[in-house]
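Colleague: This is the structure I have questions about; it appears just below.
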Amino acid sequence: MSDLAWGLEMTVVGMGVVFALLLLLMGVLILTARLDSPDKPAADEPEPPQATPAPLATTPVPATEPAVEILTAGLTVQQATAVALAVITHAEVRRQQAAPAMRTHAPGSQIHTSRWVSVGRGAQNQSWNRR
Amino acid sequence: MSDLAWGLEMTVVGMGVVFALLLLLMGVLILTARLDSPDKPAADEPEPPQATPAPLATTPVPATEPAVEILTAGLTVQQATAVALAVITHAEVRRQQAAPAMRTHAPGSQIHTSRWVSVGRGAQNQSWNRR
Amino acid sequence: MSDLAWGLEMTVVGMGVVFALLLLLMGVLILTARLDSPDKPAADEPEPPQATPAPLATTPVPATEPAVEILTAGLTVQQATAVALAVITHAEVRRQQAAPAMRTHAPGSQIHTSRWVSVGRGAQNQSWNRR
Amino acid sequence: MNVAMESTIDLLLRGVTNVTWQSVVMLAVGCLLIWLAIAKEYEPLLLLPIGAGCLLTNLPLSPLVGEDGMLTVLRHAGVDNELFPLLIFIGIGCMTDFGPLLEMPKMVLLGAAGQFGIFLTLVLAVLLGFSHNEAASIGIIGAIDGPTSIYVSRQLAPQLLAPITVAAYSYMSLVPIIMPPIMRALTTQKERQIRMPYSSRVISKRTRILFPIVVTLLVGILVPFATPLVGMLMFGNLMRESGVVERLTGASSNEIANTVTLFLGLAIGSTMVGTSFLKWSTLMILVLGLVAFCLDTAAGVLFGKLMNVLSGGKFNPLIGAAGISAFPMAARVVQKEAAREDFENFILMHAMGANAAGQVASTVAGGVLLALMGAA
Amino acid sequence: MNVAMESTIDLLLRGVTNVTWQSVVMLAVGCLLIWLAIAKEYEPLLLLPIGAGCLLTNLPLSPLVGEDGMLTVLRHAGVDNELFPLLIFIGIGCMTDFGPLLEMPKMVLLGAAGQFGIFLTLVLAVLLGFSHNEAASIGIIGAIDGPTSIYVSRQLAPQLLAPITVAAYSYMSLVPIIMPPIMRALTTQKERQIRMPYSSRVISKRTRILFPIVVTLLVGILVPFATPLVGMLMFGNLMRESGVVERLTGASSNEIANTVTLFLGLAIGSTMVGTSFLKWSTLMILVLGLVAFCLDTAAGVLFGKLMNVLSGGKFNPLIGAAGISAFPMAARVVQKEAAREDFENFILMHAMGANAAGQVASTVAGGVLLALMGAA
Amino acid sequence: MNVAMESTIDLLLRGVTNVTWQSVVMLAVGCLLIWLAIAKEYEPLLLLPIGAGCLLTNLPLSPLVGEDGMLTVLRHAGVDNELFPLLIFIGIGCMTDFGPLLEMPKMVLLGAAGQFGIFLTLVLAVLLGFSHNEAASIGIIGAIDGPTSIYVSRQLAPQLLAPITVAAYSYMSLVPIIMPPIMRALTTQKERQIRMPYSSRVISKRTRILFPIVVTLLVGILVPFATPLVGMLMFGNLMRESGVVERLTGASSNEIANTVTLFLGLAIGSTMVGTSFLKWSTLMILVLGLVAFCLDTAAGVLFGKLMNVLSGGKFNPLIGAAGISAFPMAARVVQKEAAREDFENFILMHAMGANAAGQVASTVAGGVLLALMGAA
Ligand code: NA
Ligand code: NA
Ligand code: NA
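Residue numbers (the numbering used here), protein chains in the order written: chain V, 164 to 294; chain U, 164 to 294; chain Y, 164 to 294; chain P, 47 to 422; chain S, 47 to 422; chain W, 47 to 422.
The following block contains the structure:
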């Protein structure tokens, strides 16, 4: 029965420790929530970063919003989707070109980056054949 | 001349073994073909999986097929291509987003996946900012 | 003061060597420029290779050029962009599909490749379901 | 012909003459894993390479598992030093959104409850005659988390690595099949119909960034053995939430994760050598693993019922089942069961919170287990 | 100035004083390879890194090939244990469609015929005074398959790895130049104009998935030495056809293949050290490699003619030339030659089948060669 | 309870009891680096992994830095043999356009001038009591080039690798903050307003391809110690300009660069162990690194002024500041300063030329430093 005893001891101690740790974590999370919510309602995050081009999924939707209506007048939803996708993909391509590894932040990052750096780097990273 | 003898022996044995093995393989292939064709004409494979978005190449073609004609009415072939490409690319992006590594099959897989999982995972993998 | 002496010696020798090397490099560059410009004005490079799909950035521009005007008649700039982007992206996809690693040059390469190989390989790399 | 010729033929046939019954059985097992991966889509990303690795290892005289063989090289490179599972954890961290958990901190407890199965299975295993280390390794299947299982069993009982990994990944993929009956058996219809309000709260970016750092420091100081698992999971999540290292997040969750998954699968498969795999213990491990999974689910649901009682009937006990870490499949199954009783009942977000907690709790439980075994 | 100063200058000039005639010649060879890669586009993905590796290795006192030098590290990491060529084989498997072969199983034999050159060159090499192992390594150039050549020659004659690899990849890229004259010389116009019906058959997904597994088991049991080559090629193809592991297929044929190609090229280049490369034998290897290539093509065409006779004039012998494994360039050249005589003659699919067979046959022949050499 | 129980509790608390003041400080340093990376965006691609590596290393009893710990494995795999910085150099080469430099060869000299800070800092460091090797390592921060700093200091003074790397990357990201005041202090408004004609010249593809080869041969023969750094930078550039190996260029500048950056950061972070990092010397290194940076900028501007005098007032001295290698940020800052005085003044292309020269000059200077230290 020593094995059973050992097993039960492990169970009690193990689950005890796991619960204790996660209770502690819960406490910290609740504390964080308290500290965070009042003083910063949402100003910290005007437009949350999107690591992936997920919003593509919703591109057909803007076609029904008035502001975009003007642009998309005379286009079918499919056409509007194509245009929106093209523009977003284009932006994605540009931002990736503009991001040399090892050099500061991904410059096309829609929150933080100055357009200047972005375009400058993008241009620098291709051959100068315009001239 | 022992070298020549060795070389010729190698040639005879080597090519003999290679031919024997490939003959065996041919036999197996023919057998497989026999076993496979009669009982399963093509039902096993309603729409074969396409690992790459290769069919893009043929997207202008559907524009001339009646079923798609309705959709593409009033569009040039180029426009139709753009739309088709946009939709396909979009689907590709979605399916890739929806596929967390290490977690079961690529969920956007057009054959096997329930739409539910796909969207659920895709959504889970981005920030919940809608709320 | 031996440390200071050593340091200054390092500085003199080090910067001396660095300057000497780079002067040599400058000489070589100037020489190259001399040798290169007269006999080959620009014929060597009818259209410089573009490793990245950077020209996407300028796709709206062709819409104002007469040669393309015909194609884009009746399209808004956005539509033309979408179409152009779609075509370019499509070409990019095709060329990447067409390039099995370890097999000669990237076959979609817009300068060097025969269309034949490109399409042949692209087709080979997907399932034969057309038949 | 001559002697050289005969020895040549001998050598050419050496493959055939070295086929053993164990290798034949293991080739069948490899094919079975490949079939499960392709036809049943049970975690194909890992089971397909494992099955292929098993095949290639058990072919007679396979040079792939010789001293400099490719599979041996891969095993040394990333399994023996636990590099591969930890790299995969970075990728999982990059892909996990802890938002629902941050919104509902009390869900953390459900994650803890989902680890009961680990210890109960440990008890069973030790009673069945396994050594303490082996029992603990078998118990870790109850974490329902592949990389954790590999990490822990590599340290406690490397000889059981193969069956434990196969069990862990197989059962992870069986979530939608195994869980529902248990969930239904342990809950009443009324309980399953409980609706829960979902008061969404905006989680600031600052909180999202602080979360992985705090968890790493907290767990790392209290359970040093859990540092690698929790640290890498949280490092991945920190990169994700920071929003400034998209290149690294992308590489971790794509290139690195894919490459490592491929290599890990092949390397794990190469540990499935007939003579050591085809033992009575393997079968017991598979059964015990299944038991662990069921116990986990049951413990989760029962804890959910406890929370329901404590909250005065406002907590849907199904959510408890999401406390195991099979993320995000478990949460999905919970939602499906709830919607089965009441089509408009949407408890997915709560389940997601519990599920993310299960992910953290699994790594913590793994570390605690290692700590306790180090002590024993 | 002082003594330290003088020794400093000595040290700064140590590079110049260590230039040898061998290193100068090798620098020229490196530049030649780079030129071939860029200007002639001869397999640039491998010849450019090889050329650069050759340059960087033969610069005087290059730290890159010192004990902890980067090129040495890469060589140990993937060439000495054959990891890199095998990883590339996974990628090739992911990109190869065996459909045309599955539709026309008899094409398999053409793949076998395309390996004759290996053994005939072996005979020539041994008559020229190479040792048996060296002769076999030189013969393997006749497989017209880069990774196979690297894999086999690494085991049989590592000292010849550099020239053999360079020869293999150079000649692979010369397919469109070397093959046509041989094909025309050995066939009549009438033969080249033979049209072949192409009765396409739908290959079920099940067959496509079974094919790589069956080939692995068959070849693996009969020729254990071929297990790594065939196994990895077929593992890649299994992933491709399974359709459930797109992430792994993508990683294998892109990230892993590209990275490994880069590293492999640099590492191979680093074996081109002047003192060991600049030997009479290197030149002979280059010539013998060319001979092997021509013999392969000729044997393929002649076997095609045999099949034409056996089939009563219904088989276009040009297709035989596609039995070498340079995939898919050889098939393309065959189609081009056929279309040259009769613009509407479309035998590409038949040639593709023979070409895919050549790919398999090359790995089998490599394994058989290793088996036979193990015996001798 | 019993003894086992007590020792269990001891073991569970061993983490807490092993917290030292050094580890607490280093945890704070790790958090500081993470904060700088996220909130200030100081080179987050490297500082975030370094910070995380620092955290994970200094957690009590961290298994990640044990003998087979993941961070130790990564350090052995790529830092101890300098593999990672060299791989990153391939990627940088793939992304650098030397066109502006090829158009204006005299800009090369500005790159040389931008390395003065290395040696002046070396003098300061040696006067402050650092050993010769350490002083040279500290001086290399003045190259303002991360991989070069890692490469050189790994060889000369591995014990200072951590602070030197942190300093190098921190200051690289401070380019837009540190440089402008120095530039303004050393130039007159009139000088800053000098406009420069930009007579663009078409650089043929041939020249673009010859450039990396010629630089490699030239530098490699004259300064063998610089072969790895220059060789890899130029190899990347050769692949870029060749236009025939897009797959390799893509892999080098994306997958490989991202993966290596992640691993390098974690590995560097793991060298920041409290007991060896928390020394007086670390603080001095940080200060000296800043001094080196300022001296570099000043030397560049002063050299620019010299060129202005020599050219009869036609050279904008601001461009001299772009001779440091922080590419392409330095060139951008120069353009910004010029545009501040005269909105239409466009000297970006000249600055880009100087900046690219600085990149080459940094690697040359690193090699010269290694050569001189080998001599001393
Ligand atoms: Na779990
Ligand atoms: Na072949
Ligand atoms: Na510099």
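The beta carbon of each residue, even a glycine, is placed where N, CA and C say it ideally should be. Just so it is clear, the structure is predicted and the values come from calculations on it, not from any experiment.
Does chain W have any CB closer than 9 Å to the CB of valine 379 of chain P?
Modeller: So, not an interface residue.
Colleague: Closer than 9 Å, CB to CB, is alanine 407 of chain P near chain W or not?
Modeller: Output row for alanine 407 of chain P: interface = no.
Colleague: Check whether chain P comes within 9 Å of proline 222 of chain W, counting only Cβ atoms and requiring the distance to be less than that.
Modeller: So no, proline 222 of chain W is outside the interface.
Colleague: Does arginine 247 of chain W get closer than 9 Å to chain Y when you measure Cβ to Cβ?
Modeller: Closer than 9 Å to some Cβ of chain Y, the Cβ of arginine 247 of chain W qualifies, so yes.
Colleague: Any C-beta of chain P within less than 9 Å: which residues of the segment 126-140 of chain S qualify?
Modeller: Hits within the stretch, in order: Asp126, Asn127, Glu128, Leu129, Leu132, Leu133 and Ile136.
Colleague: What does serine 108 of chain P reach in chain S if we use C-beta pairs closer than 9 Å?
Modeller: Residues of chain S passing the Cβ test: Gly266, Pro270, Thr273, Pro274 and Gly277.
Colleague: With 16 other CB atoms within 10 Å as the buried threshold, where does threonine 295 of chain P fall?
Modeller: The residue in question, threonine 295 of chain P, is buried, as its Cβ has 16 or more Cβ neighbours within 10 Å.
Colleague: Residues of chain P with CB closer than 8 Å to the CB of glycine 188 of chain S, please, in chain order.
Modeller: Near glycine 188 of chain S there are no residues of chain P at all, since even the closest Cβ is about 20 Å away, more than 8 Å.
Colleague: Taking 9 Å as the CB-CB limit, is leucine 499 of chain S close to chain U?
Modeller: Outside the displayed span of chain S (47 to 422) sits residue 499 of chain S, for which this structure offers no information.
Colleague: Of all the residues that make up the segment 114-125 of chain W, which are near chain P by a beta-carbon distance shorter than 7 Å?
Modeller: Residues passing the 7 Å Cβ filter: Asp114, Met116 and Val119.
Colleague: Name, please, each residue of chain S whose Cβ falls closer than 7 Å to the Cβ of leucine 308 of chain P.
Modeller: Going along chain S in sequence order, the residues near leucine 308 of chain P (Cβ under 7 Å) are Leu294, Ala297 and Ser298.
Colleague: How about isoleucine 370 of chain S: is its C-beta nearer than 9 Å to some C-beta of chain U?
Modeller: No, because no Cβ of chain U sits closer than 9 Å to the Cβ of isoleucine 370 of chain S.
Colleague: In chain order, what residues of the same chain lie with their CB nearer than 6 Å to the CB of leucine 13 of chain W, ignoring the 5 residues before and after it?
Modeller: Past the edges of chain W, shown from 47 to 422, lies residue 13 of chain W, and the structure says nothing about it.
Colleague: Which value, in whole angstroms, describes the spacing of the CA atoms of glycine 271 of chain Y and glycine 145 of chain W?
Modeller: Low confidence applies here, because glycine 271 of chain Y scores a pLDDT of 30, under 50, leaving its location unreliable; read the following figure in that light. So the two alpha carbons sit approximately 25 Å from each other.
Colleague: For arginine 197 of chain Y and alanine 313 of chain S, I'd like the C-alpha separation in whole angstroms.
Modeller: Those two C-alpha atoms are separated by around 36 Å.
Colleague: Count the C-beta pairs between the segment 339-351 of chain S and the segment 248-259 of chain S that are closer than 8 Å, then say yes if the count reaches three, no if not.
Modeller: The segment 339-351 of chain S, when compared against the segment 248-259 of chain S, does not touch it at the 8 Å Cβ threshold.
Colleague: For a contact defined as C-beta to C-beta under 9 Å, what are the partners of serine 288 of chain W on chain S?
Modeller: Correct list: Ile80, Ala83, Ile84, Pro90 and Leu94.
Colleague: According to the neighbour-count rule (16 or more other Cβ atoms, all chains shown, within 10 Å of its Cβ), is aspartate 114 of chain W buried or exposed?
Modeller: With fewer than 16 Cβ atoms within 10 Å of its Cβ, aspartate 114 of chain W is classed as exposed.
Colleague: Looking at the C-beta of alanine 344 of chain S, does it have a partner C-beta in chain U at a distance below 9 Å?
Modeller: By this cut-off, alanine 344 of chain S is not an interface position.
Colleague: As an exercise, report each continuous alpha helix (DSSP H) stretch of at least 4 residues that is fully enclosed by the segment 288-340 of chain S, in chain order.
Modeller: As far as the segment 288-340 of chain S is concerned, its whole alpha helix (DSSP H) runs of at least 4 residues are 292-297, 303-315 and 320-323.
Colleague: If distances are taken between C-alpha atoms only, which option among W:Ala303, W:Lys351, W:Val276 and W:Phe339 comes closest to alanine 407 of chain W?
Modeller: For the residues W:Ala303, W:Lys351, W:Val276 and W:Phe339, the minimum Cα distance to alanine 407 of chain W belongs to W:Val276.
Colleague: Taking the alpha-carbon positions, what's the valine 46 of chain S to glycine 412 of chain S distance?
Modeller: Any question about residue 46 of chain S goes unanswered here, given that chain S covers just 47 to 422.
Colleague: Buried or exposed: where does leucine 394 of chain P fall if 16 or more other Cβ atoms within 10 Å of its Cβ makes it buried?
Modeller: Answer is buried; the Cβ neighbour count reaches 16.
Colleague: Which of the residues in the segment 145-177 of chain S, read from start to end, lie with their CB under 7 Å from any CB of chain U?
Modeller: Listed by position, the residues of the segment 145-177 of chain S near chain U (Cβ gap below 7 Å) are Leu148, Pro151, Lys152, Val154, Leu155, Gly157, Ala158, Gln161, Phe162, Phe165, Leu166, Leu168, Val169, Val172 and Leu173.
Colleague: Run the CB neighbour count on phenylalanine 389 of chain P, radius 10 Å, all protein chains shown included, and call it buried at 16 or more, exposed below.
Modeller: When all chains shown are included, phenylalanine 389 of chain P counts as exposed.
Colleague: Per the contact definition of three or more C-beta pairs closer than 8 Å, is the segment 197-206 of chain W in contact with the segment 78-87 of chain W?
Modeller: Verdict: no, contact absent.
Colleague: For isoleucine 134 of chain P, which of P:Val70, P:Leu308, P:Met375 and P:Val319 has the nearest alpha-carbon?
Modeller: The candidate whose alpha carbon is nearest that of isoleucine 134 of chain P is P:Leu308.
Colleague: Quick check: the Cα distance between isoleucine 223 of chain W and glycine 163 of chain W, rounded to an integer number of angstroms?
Modeller: Going by the C-alpha atoms only, they are around 18 Å apart.
Colleague: Show which residues of chain P have a CB atom less than 9 Å away from the CB atom of cysteine 100 of chain W.
Modeller: Per Cβ cutoff of 9 Å: no residues; cysteine 100 of chain W is ~12 Å from chain P at best.
Colleague: If you measure between the beta carbons of phenylalanine 281 of chain W and leucine 102 of chain S, is that distance less than 9 Å?
Modeller: In contact: phenylalanine 281 of chain W and leucine 102 of chain S (Cβ atoms closer than 9 Å).
Colleague: Sorted by chain position, which residues of the same chain lie with C-beta nearer than 7 Å to valine 261 of chain S's C-beta, five sequence neighbours on each side aside?
Modeller: Same-chain partners within the cutoff: Val276, Met280 and Val406.
Colleague: Please identify the residue among S:Asp126, S:Ala182, S:Gly175 and S:Met116 whose C-alpha is closest to the C-alpha of methionine 419 of chain S.
Modeller: Per the Cα distances, S:Ala182.
Colleague: What residue ranges within the segment 65-145 of chain P form continuous beta strand (DSSP E) runs of no fewer than 3 residues, ordered along the chain?
Modeller: Within the segment 65-145 of chain P, no complete beta strand (DSSP E) run reaches 3 residues.
Colleague: Considering only the alpha carbon of each residue, which of P:Val71, P:Val221 and P:Ala98 lies closest to methionine 278 of chain S?
Modeller: Checked all of P:Val71, P:Val221 and P:Ala98; the closest Cα to methionine 278 of chain S is P:Ala98.
Colleague: CA-CA distance, serine 316 of chain P and aspartate 191 of chain P?
Modeller: Roughly 21 Å between the two C-alpha positions.
Colleague: Measure the alpha-carbon distance for asparagine 104 of chain W versus valine 319 of chain W and round it to whole angstroms.
Modeller: For asparagine 104 of chain W and valine 319 of chain W, the distance between alpha carbons rounds to 6 Å.
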